[in-house]
Structures are given as C-alpha cells and as structure tokens.
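In the working numbering, the protein residues as written are 2 to 147.
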C-alpha cells in the first residue's frame with residue numbers, strides 16, 4: 002500500500018461526508034480495513050461509504066453484536082465488526098463466504114485479521130484534540146477530502 006491521504010474531520014457530519022467521497026474509489030471485490038479506538042468514528046465512516054453507494058445510512062448500525070451486516074447498495078457491501086471476537090473466533094469465521102468479486106468488504110477492528118487478509122485500503126481514524134485524523138493507505142489514488 003503506497004497511496005497516503007490524511008484528512009482532519011471536525012465533526013461527525015464531516016466524517017460521514019469523507020466516507021461518502023471515499024466510496025467513489027471503491028470497486029467490487031475491495032477489502033477495506035477500518036482501524037481506530039472505540040468511539041473514533043469507524044461506523045460513521047462506514048455509514049458514509051454506504052451512503053456514497055446509494056444505501057440509506059440511517060439503516061447502518063454497528064455490527065458488533067450481529068458481526069456481519071449486508072447492505073444492498075449499488076455495489077453490495079459486507080460490514081464486518083470484529084470488536085467482540087477473540088483471535089480464535091476470528092479464525093473460525095467463514096471468510097471465503099464474504100470475500101468475493103461482487104461485494105465491497107468493510108472490516109472494523111481489522112487489526113485482528115491483518116495476518117489473515119490482504120486489504121485494498123486501510124483507514125486509520127484517531128482522536129486529534131477535539132477532531133479526528135483520518136489516514137488512508139491504498140493501492141489506488143484517493144483524491145478526496147478538503
């Protein structure tokens with residue numbers, strides 16, 4: 002991964018908009034890692050991505066208790082949240098059923114699968130004072146943000 006983009010988000014709405022813009026660079030089959038502490042905005046970023054793909058973001062929730070949500074967007078999306086899984090449980094997931102050439106796969110807490118999967122993009126969201134710093138690494142150019 003070589004492309005690097007850093008963006009400062011000053012609000013939840015800005016994080017949503019950055020995610021919406023990021024959706025424009027995604028293709029079917031892409032796997033996106035979302036990494037950051039609890040409460041940094043990973044799920045908000047996911048809402049923005051699916052909004053950018055034509056799906057109502059109001060219908061996107063943290064997948065922590067369901068583990069996997071599928072959204073029937075213009076490009077279908079699997080939203081996987083590994084927060085409550087330990088490493089053995091992560092290994093037991095049927096990854097082959099989610100990784101295909103039709104879906105975009107968005108994985109929150111993706112650091113738990115960094116040895117198992119290859120990512121097309123890695124999004125790191127961190128607190129920076131009262132704002133969020135969103136850092137994007139990827140295999141393709143990411144021309145988004147302000």
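Here a beta-carbon is modelled for each residue, glycine too, at the ideal position from N, C-alpha and C.
Here the structure is a predicted model, which is why all the values come from computation and not from measurement.
Using a 10 Å radius around the Cβ and a threshold of 16 neighbouring Cβ atoms, would you call residue i buried or exposed?
{"i": "residue 23", "result": "buried"}
{"i": "residue 59", "result": "exposed"}
{"i": "residue 109", "result": "buried"}
{"i": "residue 87", "result": "exposed"}
{"i": "residue 121", "result": "buried"}
{"i": "residue 48", "result": "buried"}
{"i": "residue 61", "result": "buried"}
Using the Cα positions of residue i and residue j, report the straight-line distance between them to the nearest angstrom.
{"i": "residue 91", "j": "residue 15", "result": "31 angstroms"}
{"i": "residue 32", "j": "residue 115", "result": "12 angstroms"}
{"i": "residue 8", "j": "residue 27", "result": "18 angstroms"}
{"i": "residue 84", "j": "residue 53", "result": "24 angstroms"}
{"i": "residue 143", "j": "residue 104", "result": "20 angstroms"}
{"i": "residue 13", "j": "residue 130", "result": "14 angstroms"}
{"i": "residue 17", "j": "residue 50", "result": "8 angstroms"}
{"i": "residue 140", "j": "residue 118", "result": "15 angstroms"}
{"i": "residue 68", "j": "residue 6", "result": "28 angstroms"}
Which of helix, strand or coil does DSSP assign to residue i?
{"i": "residue 88", "result": "helix"}
{"i": "residue 132", "result": "strand"}
{"i": "residue 59", "result": "helix"}
{"i": "residue 74", "result": "coil"}
{"i": "residue 143", "result": "coil"}
{"i": "residue 26", "result": "helix"}
{"i": "residue 115", "result": "coil"}
{"i": "residue 98", "result": "helix"}
Excluding five sequence neighbours on each side, which residues of the same chain lie with their C-beta closer than 6 angstroms to the C-beta of residue i?
{"i": "residue 99", "result": "79, 106"}
{"i": "residue 11", "result": "132"}
For residue i and residue j, which I take to be in contact (beta-carbon distance under 8 angstroms), what is that distance rounded to the nearest angstrom?
{"i": "residue 43", "j": "residue 126", "result": "6 angstroms"}
{"i": "residue 38", "j": "residue 63", "result": "That belief does not hold up - the Cβ atoms of residue 38 and residue 63 are roughly 14 angstroms apart, past 8 angstroms."}
{"i": "residue 46", "j": "residue 72", "result": "With a Cβ gap of about 14 angstroms, residue 46 and residue 72 do not count as contacting."}
{"i": "residue 124", "j": "residue 36", "result": "7 angstroms"}
{"i": "residue 101", "j": "residue 30", "result": "7 angstroms"}
Can you find a C-beta in chain C that's less than 8 angstroms from the C-beta of residue i?
{"i": "residue 29", "result": "Among the chains in the structure shown there is no chain C, since it carries only a single protein chain."}
Leaving out five residues before and five after residue i in sequence, what residues of the same chain have Cβ atoms less than 8 angstroms from its Cβ?
{"i": "residue 25", "result": "53, 145"}
{"i": "residue 112", "result": "34, 36"}
{"i": "residue 19", "result": "8, 10, 46, 49, 135, 145, 146"}
Whose C-beta lies closer than 7 angstroms to the C-beta of residue i among residues of the same chain, with five residues either side of it excluded?
{"i": "residue 77", "result": "71, 103, 104"}
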